[in-house]
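Position 29 (the sequence shown) corresponds to 28 in numbering that gives the first Met the number 0; numbering is contiguous.
Every residue gets a Cβ at the ideal spot worked out from N, C-alpha and C, and that includes glycine.
Read the structure below first, then the notes.
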Amino acid sequence: MADEMTVPFILGLIGGIFVVLASIAGLWLAYAASKFVGAFGALAGQSTAGITAIVFIGPIVELILAIIIIVGSIMMRNPDKAKAGSILVLVLAIISLINFTAFFGGVIGPILAIVGGALGLSKAK
0 MADEMTVPFI
10 LGLIGGIFVV
20 LASIAGLWLA
30 YAASKFVGAF
40 GALAGQSTAG
50 ITAIVFIGPI
60 VELILAIIII
70 VGSIMMRNPD
80 KAKAGSILVL
90 VLAIISLINF
100 TAFFGGVIGP
110 ILAIVGGALG
120 LSKAK
């Protein structure tokens, strides 16, 4: 069983790592954008705290999803939890693909995780 789940585990893990890296890049871009918007808001004498908070929500949600995708990939290595881990990876990767806030690996990571979750679900007993 463990040998059957190696490929889904690796695909899910790599997909989760790509989503983590993409969400970190998204957080960096959100930080840079908030500094840029904040500077212009200060010139106009207005607060931009609401815009700044909204910009950070997407990448933070994406980071949480990525961490849980990695945990689900690790669960796939355990024969007793392979089905639950595969479902977890599959569902969260689809949500991560819909969220799509992390730009750089925002498509490749979830697609790899979806393939890994689907393979894991087909091989799990």
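Please classify N77: does DSSP put it in a helix, a strand, or coil?
coil
Just to confirm the assignment, what range does the alpha helix (DSSP H) spanning K122 have?
107 to 122
Rounded to the nearest angstrom, what separates K122 and S95 at their Cα positions?
23 Å
Would DSSP call E61 helix, strand or coil?
helix
Compute the beta-carbon to beta-carbon distance between L64 and L91, rounded to the nearest angstrom, for a pair I have assumed lies under 8 Å.
5 Å
Is the beta carbon of I9 sitting closer than 9 Å to the one on G115?
yes
Apply the 10 Å Cβ neighbour rule to I69 and answer buried if 16 or more other Cβ atoms are within range, or exposed otherwise.
buried
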